[in-house]
Amino acid sequence: MQRILYLIQKEFRQILREPAFLGLIFGAPLIQVLILGFAITTDVKNVPMIMVDQDHSQMSNRLVEAFSNTKSFHFLGQVGTAKEAVHLLDRNKIKLAVVIPPHFERDLKTGRQPRVQLLADGVDGNSAGVALSYANQIALKLQKQWFPRLPHAPGTVKEIHLTGIEARMLYNPSLESVNNIVPGILAVLVMLITSFLTGMTIVREKEIGTLEQLMVTPIRRGELILGKVIPLIIVGLLLFTIAIISAGLVFGLWMKGNILTLYGMSLLFMMTTLGMGIFASTLARNQQQSMFITWFLGIFAILLSGFFIPIENMPRVIQWITYLNPVRYFMIVIREIYLKGTALHYLWKEALEMTVFGGAMLTMATLRFHKRVG
Amino acid sequence: MDPLEIRNLKKSYGSVPAVKGVSFNLRKGEILGLIGPDGAGKTTIIRSVVSLLLADEGEILYMGKNIRDNPTYIRSRIGYMPQRFSLYPDLTVEENLDFFGDLFQVPKQKQKQRKEELYAFSHLGPFKKRRAADLSGGMKQKLALSCMLIHQPDVLILDEPTFGVDPVSRHEFWEILKTQSRRQGTSILVTTAYMDEAGQCDRVGLMFAGRILALDQPQELEKQFTDPLYVLHCPQPHEVFEQIYHDDSLYVANLFGEGVHITLPRERTEEQLRNYLQEKRLTITKIERIKPSLEDVFLKLMHG
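Keeping their order, the protein sequence lines are chains A and B.
The opening residue of the first sequence carries number -3 in the numbering used here; numbering runs sequentially from there.
The opening residue of the second sequence carries number 28 in the numbering used here; numbering runs sequentially from there.
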């Protein structure tokens, strides 16, 4: 047992002596949270748009004003006809055009429903969808202000009112993607750092020949692995903490749930990533190979974790595969704890799944790790 | 009992045989050298003995115990120095020593005393705060040896420890090994590709193509060479060697640094050799009878 402590002591001596390593531990989480948090966004902002006002009434002016005063749209001005608007869309000058038909105000006042046309560039379907719903929201808001003041039958007002369904978003009311992305970045960070570093520090000993030297000492396989892995768990948690603090300071995003639950879950998750690192080290002869193997496995795990792409949007078969991906469970857990403050006893299923996968991965990797060469 | 007993060791890598049945004993307190060119199977034997490789056939007994069943037993009692320098380059001399002392669970008090002793004979004391990466080649090897001596093993196993080390450091290194075996009674198994290091060993095994061709004291091995041996000093030894080699004569020629070594078969006289060389019109400055070296023995055994 004591030999594990000696290994850990040695490991930290080496870590503290390597400035690049220290930079990685403190710099990487800060930079990743900062850059990725701002860069990876599914928010729709500054959509270039124009308006075609064919009514030129007081009410149509109000509508134009409403669109020109929002952060979601970058209002470029007005053109005369819908045809011109389509031309601009074709030339990729704008993403959205709002066409207000003639007699817009008259129709509204007489209780006939006017048809405002929205022309959107659907190349990026996601953004177009979001832009359209923003536009609808703006229109609805105006409708609400106007209708009670309109001089026609109350029955008609009710009817029109009913057509608008307003969705209210829980937990992430502003639908800001940063709230969803940042916890995801934390998960990815933990995964990459622990699996990469595990693989690399073990293979490094292979490269410089110390692994061969260590093998011919009384140290046992389990002790050797624990001695390598425990320092990395400590480093991993340290990194995780720095990332959590950075996310809080930069984005004002602090977890709603219990921090101990989150750390406990991270430890369960690390079983998998550490196992992956050890596994890579048994296959690789040098650090580059080890990095490639962990990168190869890691990229799949991240893409199929629901980090950027919602799992519900994936084909059925791929969805089944994601059940075999431990990152998926950690992604759920970290978002639940961060955004909803979900308590531990609601997350037992994910915890169990991560334990099973982690245990299997660690066992398999350890069995592959022999105290012999060739 | 001999500390180490190797019986009919065989090991192949895939279909390529590396060691084809090797047997020898390492006796208490002796320095046994395995000498042979690269690819002779020296490292395979060493790695099998230290339990890093699993032999295909044969037995290796350490203190009478089979190492296949007791790998931990041998691992805690021997000192092993691999072919390549394999300490932590980013740790200092002292930290490396401490680390291996800790791993072998040498009590702290004892460790301190051992360190002083090791500093004294290796002259590494003044450099104890220096990182291993910044040591010279010779110092690195002495540090590696010190790390393997900190737990006072009964058996020391070294794979080409003097490879790539300057002649002065090589000499110093061998002196340390000799002192260790004479004073502490440590049994040492060492491999080398340098023939001139054979004289430093108590016994020498000449290895070629996975076999030990002969194993004895260096002087005894030299006595095996009974035919008269001559050296031809000449300005172009390469040419002379080629001429005799392809001539299919009864003379066996080998190319050496100082000239061409030529062995006289029993039935020939020195006179006949001189006449032969004259007939061939080879430019030779001097013909001289010499005492055979271990390298001559090795070449003779190698060619069967």
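C-beta atoms are modelled at their ideal positions from N, C-alpha and C, and glycine is treated no differently.
No experiment lies behind these values; they were computed from the predicted model shown.
Item                                                                                                                         : Value
Close Cβ partners of Ile314 (chain A) (< 8 Å) along its chain, the five nearest in sequence each way excluded                : Leu300
Residues of the region 79 to 94 of chain B whose Cβ lies closer than 9 Å to any Cβ of chain A, in chain order                : Leu79, Leu80 and Leu81
is_contact[Gly253 (chain A), chain B] using C-beta, thresh 8 Å                                                               : no
Alpha helix (DSSP H) segment containing Gln377 (chain A), residue limits                                                     : Chain A is shown only over -3 to 370; residue 377 (chain A) falls outside these bounds and no answer can be derived.
Expected contact under 8 Å - CB spacing of Asp49 (chain A) and Gln74 (chain A) to nearest Å                                  : 6 Å
Members of the region 183 to 207 of chain A near chain B, C-beta cut-off 7 Å                                                 : Ile204, Gly205 and Thr206
Presumed contact (8 Å Cβ cut-off) between Ser364 (chain B) and Leu145 (chain B), rounded CB distance                         : A question about residue 364 (chain B) goes unanswered here, because the residues of chain B that appear run from 28 up to 331.
Stretch pair the region 48 to 64 of chain B + the region 160 to 176 of chain B: three plus CB contacts closer than 8 Å       : no
Contact under 8 Å by Cβ, Phe148 (chain B) with Ile203 (chain B)                                                              : yes
Alpha-carbon to alpha-carbon, Ala24 (chain A) and Ala127 (chain A)                                                           : 34 Å
8 Å Cβ cutoff, Phe252 (chain B) in contact with chain A                                                                      : no
Delimiting residues of the beta strand (DSSP E) encompassing Arg238 (chain B)                                                : Arg238 to Asp243
Simplified DSSP state of Leu249 (chain A), which is helix, strand or coil                                                    : coil
Close-in-space but distant-in-sequence residues of the same chain around Tyr334 (chain A) (CB under 6 Å, 5 per side omitted) : Pro179 and Met251
Chain A residues whose Cβ lies nearer than 7 Å to that of Pro109 (chain B)                                                   : Gly205, Glu208 and Gln209
Neighbour list for Tyr115 (chain B) in chain A, Cβ cutoff strictly below 9 Å                                                 : Lys6, Arg9, Gln10, Glu201, Ile204 and Thr206
Closest by C-alpha distance to Pro245 (chain B), when choosing among B:Ile33, B:Ile101, B:Met108 and B:Leu321                : B:Leu321
Residues that DSSP places opposite Leu88 (chain B) in a beta bridge                                                          : B:Glu32 and B:Asn93
Cβ-Cβ distance between Val212 (chain A) and Arg104 (chain B) below 8 Å                                                       : no
Cβ-based neighbour list, Leu12 (chain A), same chain, cut-off 8 Å, excluding 5 preceding and 5 following                     : Leu18
Cα-Cα separation between Ala243 (chain A) and Ile31 (chain A), rounded to whole angstroms                                    : 11 Å
Complete runs of the beta strand (DSSP E) confined to the region 215 to 239 of chain B [at least 3 residues]                 : 230 to 235
Three-state secondary structure (DSSP) of Val153 (chain A)                                                                   : Bear in mind that a pLDDT of 45 at Val153 (chain A), under 50, signals an unreliable position, so the model cannot answer this.
For Ser39 (chain B), the residue or residues it bridges with in DSSP                                                         : B:Pro44
Asn65 (chain A), buried or exposed, once every other Cβ within 10 Å from all chains shown has been counted against 16        : exposed
Chain-ordered chain B contacts of Pro214 (chain A) [CB-CB under 8 Å]                                                         : Thr99, Arg102, Ser103, Leu130, Phe131 and Gln132
Proximity below 8 Å, CB of Met287 (chain A) to CB of Met357 (chain A)                                                        : no
Per-residue burial, Gly286 (chain B) [other beta carbons within 10 Å of its own, 16 or more giving buried]                   : buried
Cβ neighbours of Leu183 (chain B) in the same chain (closer than 6 Å, five flanking residues each side left out)             : Gly106, Thr213 and Ile215
Min CB distance Tyr130 (chain A) to chain B below 8 Å                                                                        : no
Those residues which DSSP pairs with Leu309 (chain B) across a bridge                                                        : According to DSSP, Leu309 (chain B) bridges with nothing at all.
Neighbourhood of Tyr325 (chain A) by C-beta, 7 Å cutoff - its chain only, sequence neighbours within 5 removed               : Glu346, Glu349 and Met350
Glu203 (chain A), DSSP secondary structure in three states                                                                   : helix
Given 8 Å, three or more beta-carbon pairs between the region 218 to 231 of chain B and the region 276 to 290 of chain B     : no
Rounded distance between the beta-carbons of Leu300 (chain B) and Tyr257 (chain B), thought under 8 Å                        : 7 Å
Beta-carbon spacing of Phe365 (chain A), Ile274 (chain A) below 8 Å                                                          : yes
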